[in-house]
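In our numbering, the protein residues as written are 11 to 168.
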Ligand code: HEC
């Protein structure tokens, strides 16, 4: 946990330095500006989307909301959130048959979504894309408590 916070702070510091150096020097050498902020996923979400849209979308829907009687939503999935990319790849390789005690829907999650041609790299890409779906969902959902100042008017009994 602390490590995560440290990473955030390091990221912010790097950002500040990057911004500061933009204003100052007029040097054209940009070799030092590597993007280190992409530690979270080693896959390429854009490449992953291509596979997702041809395989996983059938059961999990275009936004990962899931489809009735087919795939589970993973926009809110703790399972996805709490697993590393490596663990997710292992999961995708075996899937989760309906007979698995962890299966909650009674529907098969086929190994590699039913496409044995997917390589490990493909799976890492897909996972990177799935994580963007989670992130997007979180941003769109906003705060469940709705910090709306006008909401306080409901104190009075009409
Ligand atoms: C034929 C339909 C089908 C396809 C295709 C499919 N899935 Fe699934 N998937 C399921 C079902 C059904 C479950 C839920 C199984 C259960 O009840 O636990 C599931 C579960 C999952 C979970 C676990 C979610 C959780 O919260 O437990 C992940 C992650 C997942 N699928 C990813 C994928 C990815 C990535 C692909 C594409 C490579 C894919 N699935 C393709 C049907 C499918």
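A virtual CB, placed ideally from N, CA and C, is assigned to each residue, including glycine. The structure displayed is predicted, hence computed values, not measured ones.
Does DSSP classify residue i as helix, strand or coil?
i	result
residue 98	helix
residue 93	coil
Using alpha carbons as the reference points, say which of the options lies closest to residue i.
i	options	result
residue 151	108, 85, 140	85
residue 80	61, 96, 106	106
residue 68	14, 16, 124, 110	124
residue 143	75, 16, 14	75
residue 2	136, 113, 73	Residue numbering for the chain in the displayed model covers 11 to 168; residue 2 lies beyond these limits and cannot be assessed.
residue 82	135, 134, 114, 141	114
I need the boundaries of the alpha helix (DSSP H) containing residue i, first residue and last residue.
i	result
residue 150	130-151
residue 67	67-70
residue 117	Careful: residue 117 lies outside any alpha helix (DSSP H) and carries neither H nor E.
residue 63	55-64
- Message: Does the segment 54-67 come into contact with the segment 85-93, if we say contact requires no fewer than three beta-carbon pairs (one atom in each stretch) closer than 8 Å?
- Response: Cβ pair count under 8 Å is below three, so no.
- Could you tell me whether the segment 117-129 touches the segment 92-106, using the rule of 3 or more Cβ pairs below 8 Å? The segment 117-129 is in contact with the segment 92-106.
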